[in-house]
Amino acid sequence: MAGIRIENLVVGYGTEPVISSLSLEIADGTLFTLLGPSGCGKTTLLRTIAGFVPVRAGKLAFGNRDVTHRPAYLRDIGMVFQDYALFPDKSVYDNVAYGLRARRVDETAIKTTVSEYLERVGLSAFAQRLPAALSGGQRQRVALARALAIKPTVLLMDEPLSNLDAKLRVQVRETIADLQREVGITTVLVTHDQEEALALSDRIGLLRMGRLEQVGTPEDLYARPVSAYVADFVGAANILPVEVAVPTISGASAQVRLDGMSLEVLAPTGLPAGAAILVARGETLSLGAASGATTNAIRCTVRRRQYLGGRTSFRVATDAGRDIVVEAHGAAPTFAVGDKVSLRFDPVRTLVVAS
Amino acid sequence: MTHTPRDVWFWLSALALALFALFLLYPLLNVLSASLAASPSGQSGWATLLGEARYRTAIVNTLMLGAVVTVTSTLIGVPLAFVAARFSFPGKALIALLPMTTLIVPEVIAAQTWLMILGNNGIVTRAFADWGILIPSFYGWFGLITVMTFIYYTYVYIGTLAAIKGFDAQLEEASQSLGVPPGRTLLRVMVPVVAPSILASALLVFTLVVGNFAVATILGQRVHLLSVLTYQSFVSEVGTNPVMQSTLASVSIAIVACALFAQRWIVSRGRFEIVQGRGAKPRPLGGLSMLPITIGAAVIVVISLLPLATVVAGAFTRARGPVMRWGEWTTANMERVFLSASDPIVNTLIFAGIATVLSLIVSTLAGFLIVKKRNILTPGIDYLSSLPLALSGTVLGIGLVMSFNGAWLPLAGSGAIVVVAYLIRRLPFGIRNASATLYNIPNSLEDASISLGVPPVRTFLKVILPLMVPSIAAACVLVWTTTVAELSASVVVYSAGQETMPIQIFRLIDSNLMAQASAYGLVLVGIILVPILIATTVFKIDLFATK
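Line by line, the protein sequences are chains S and X. So for the first sequence, the working numbering puts the first residue at 585; every next one is plus one. So for the second sequence, the working numbering puts the first residue at 43; every next one is plus one.
See below:
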């Protein structure tokens, strides 16, 4: 087992390569997620790590082993595909045994290993079935067992949950998380689903047009996004244009002006004065009576109220007509549509980023 | 910048391209360039073509025959397909067998059996003559149109049936719910959607008529046709100057190529996406409306199966020279075929056997390269492999003889050239069959196997090939049945001693020895039918699944 090191990787041809000079370090034994919208290059990057896409420049290593130009079948990877890619003419058992037979493991050892992994994914009773006789979730668990049975150096998963319905997705997600932790294998997972990424990952890399926009823990990406793009992609956020009064030199906070009102919020070091973007998650905002406290708050009017069970969602409009969504958890304030309210920004959970 | 290393697939592509260029492109270019050379008389082939009336007539006749048969085939094929798709009535199961008849009855046998019924000496002709009624000669336009129509309408039938079955009946319901009555709904909603398929299959019929050799030669007589003149000038020009045969061949290539381009254009423009293909359930026919439809369908079925019955009867009927003694049964014809003149049977089995095996290997590999291993060479393979569609058998045969007659690769005269002709003629079918299957096998299966440590070529053998087995088996049967029946190319390239069954039948018809021809015909039908029966009943292979 080993970590993955990518240095200045270039993939694709012409003047606009799919991936241009990307560097990334994935620690041994962790689950790393490549997150991004379709067409951002995440699947290409995964297939490059697997060896199915040729590298134009740069370096790719598993641990100390340089695999940049090594053919896929010699890379010792386990791969899980979006459409499962189970061999339709082979039984569940033979599917899981396939990679072991390629490695000329003797049949008794194969039997032990296959049984062990089918046990782990809870499919021991299905060994003799053909893939067509399994449900989607079962198929993906067979695919997982097949990939892990060869005890690969790294496990690569390409949108493994996207063909499953919502309920199964959560179940198989649990299986993946548990197995990955038990086996302790370095894993790269590709997804466009931010919730899946937050739930599963040790670290996430958000890709945008072939470049890594931000790499960090799920908390980093959610609570401390480096750009409006990250904030918008990971979870829902109010993205508001603001003016930064004074450039931040060091320290954590800055004064910004939103619709003429002055607010104190978190800011990165070195943010210049002028136009910037305010990122405010709905659950960090709070509503109060218009007559109440006015520090770090602006006046708004309630436009819509939606009761959603565990929370209540309000849409309020500033005096300048800007819409902002507020999520109130627990006992919701009793404001009705048309009420004048005071909207308060949490100074340590609201963030300003460069525009 | 690092280059992707040239992998094993690249070199296989190069090999395939080289072979196709040698056996396909090179003969074609030879034909085209020879047509531009000057003949011994000093005139170029094109000048002779325009100067001599019979050549001009042949071109006009060929186009006319193509047009007429296309129309008549459509007039039979489309209503039959509609009736088969939308209604159920007694005896409908028989209609489902119709596509099989073109497969089972080779063209040469169809022409022969029609002659045995309506020819100068035919059963029906003589019966009518006994009553004092003279029916017009079957030779010429009457026979050509009748026989070709009943051979080729099945192509229109199959194409139309598939289109109607794929049509979403909910669209019709939607139209009727908007207030359009059923009849007008059919015209306004279904016809525009299925029309491209009908047109495409009609144009295919046109190309087949233009290229047809067997029926044209046997029944054409005084009607000059392009394919017949091409063959005749080949036979008279061998070893001398190939100008006229090449010129005529070039004309036929041009006509067929135009039709094929028109067909492609129609298909590419007319591909409507049917979101949810829920076909209509066949409606049982009741009462009086059932009668004309059932009778009409029955007539077509009976006429289509007539050659089969005739060939069986002919094979066991006593004959003295050209005179058939109907009613007097004998096994002498069959005994002769098996005991003293079995060479054509042996030749057919050997040539077609080798060609079928080679064809499956080549087309599986070429299909795999085209679909799964695209590289800079594969588009070339794709284009070249569809080229035989534009070449009639006669043209292909002439090209092969011109290209491999002596010089550096002397294939002409050996059995190898017959095998090559077979192979090339069936190539487009084999490759399309393989490609259709491969498109349905997801690429991730191959990646999965490679990711588990199995190298690319072994992955192909262990994962992809087993999944292709059912379709390869179906292709094997279809390639075999069409190859053993092949006449137009093999009759051009064969040498003495290499007669196949269709060639022998063709020669016997020419000598008016119908009983002998029927005996060979029966054996040929058997050789075609047995694999089909085994495949469909024992192995449960759906032969038309990928067509």
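For each residue, glycine too, the CB sits at the ideal point set by N, CA and C.
Please confirm if residue i has its CB atom under 7 Å from at least one CB of chain S.
| i | result |
| --- | --- |
| V534 of chain X | no |
| I492 of chain X | yes |
| L61 of chain X | no |
| D489 of chain X | yes |
| S55 of chain X | no |
| G281 of chain X | Summary for G281 of chain X: the model assigns pLDDT 49, below 50, so the residue's position carries little reliability; its value from the coordinates is reported in the next sentence. Closer than 7 Å: no. |
| P484 of chain X | yes |
| G133 of chain X | no |
| Q495 of chain X | According to the sequence shown, residue 495 of chain X is Gly rather than Gln. Chain S contact via Cβ: present. |
| W51 of chain X | no |
Are the C-beta of residue i and some C-beta of chain X separated by less than 7 Å?
| i | result |
| --- | --- |
| D667 of chain S | yes |
| F636 of chain S | yes |
| D673 of chain S | yes |
| G683 of chain S | yes |
| Y657 of chain S | yes |
| M663 of chain S | yes |
Can you tell me whether DSSP reads residue i as helix, strand or coil?
| i | result |
| --- | --- |
| P497 of chain X | coil |
| V235 of chain X | helix |
| E743 of chain S | coil |
| W368 of chain X | strand |
| K207 of chain X | helix |
| A587 of chain X | Because A587 of chain X carries a pLDDT of 48, less than 50, the predicted location of this residue cannot be relied on, and the following value inherits that uncertainty. Three-state DSSP puts A587 of chain X in coil, outside helix and strand. |
| S607 of chain S | strand |
| Q798 of chain S | strand |
| F898 of chain S | strand |
| I788 of chain S | strand |
| M793 of chain S | coil |
| T406 of chain X | helix |
| F62 of chain X | helix |
| V921 of chain S | coil |
| D804 of chain S | helix |
| A656 of chain S | helix |
| L474 of chain X | As written in the sequence, residue 474 of chain X is Arg, which differs from the Leu given in the question. Three-state result, R474 of chain X: helix. |
| T775 of chain S | strand |
| A591 of chain X | Missing from the structure shown is residue 591 of chain X; chain X here goes from 43 to 589 and no further. |
| R311 of chain X | helix |
| L593 of chain S | strand |
| I418 of chain X | coil |
| V810 of chain S | coil |
| L748 of chain S | coil |
Going by DSSP, what residues sit across from residue i in a beta bridge?
| i | result |
| --- | --- |
| V828 of chain S | S:V840 and S:G858 |
| Q263 of chain X | Looking at the DSSP assignment, Q263 of chain X forms no beta bridge with any residue, so it has no partner. |
| F646 of chain S | S:I588 and S:R649 |
| N822 of chain S | S:A864 |
| P326 of chain X | X:S130 |
| Q890 of chain S | S:S897 |
| S870 of chain S | S:R928 |
| I882 of chain S | S:L927 |
| V910 of chain S | S:F898 |
| M845 of chain S | S:L842 |
| R640 of chain S | DSSP, once it has assigned bridges, lists no residue as partnering R640 of chain S. |
| T167 of chain X | Paired residue(s): none; T167 of chain X is not in a bridge. |
| S55 of chain X | S55 of chain X is not bridged to any residue. |
| A938 of chain S | S:A860 |
| V738 of chain S | S:I661 and S:T770 |
* **Residues of the region 686-717 of chain S whose Cβ lies closer than 9 Å to any Cβ of chain X, in chain order** => A686 and R687
* Asked: What residues in the region 398-431 of chain X have a beta carbon less than 8 Å from any beta carbon of chain S?
  -> none
* Asked: the region 497-514 of chain X: which residues have C-beta closer than 9 Å to a C-beta of chain S, in chain order?
  -> P497, P498, R500, T501, K504, V505, P508, L509 and V511
* Identify every run of the alpha helix (DSSP H) within the region 537-566 of chain X, keeping only runs that are complete inside it and at least 4 residues long; order them along the chain. => 543-552
* Which ranges does the beta strand (DSSP E) cover as unbroken runs of at least 3 residues, wholly within the region 663-724 of chain S, from first to last along the chain? -> none
* Any residues in the region 204-234 of chain X with a beta carbon nearer than 7 Å to a beta carbon of chain S? Which ones, in chain order? -> none
* To do: At 3 residues or longer, and completely inside the region 610-638 of chain S: list those beta strand (DSSP E) runs for me, N to C.
  => 615-619
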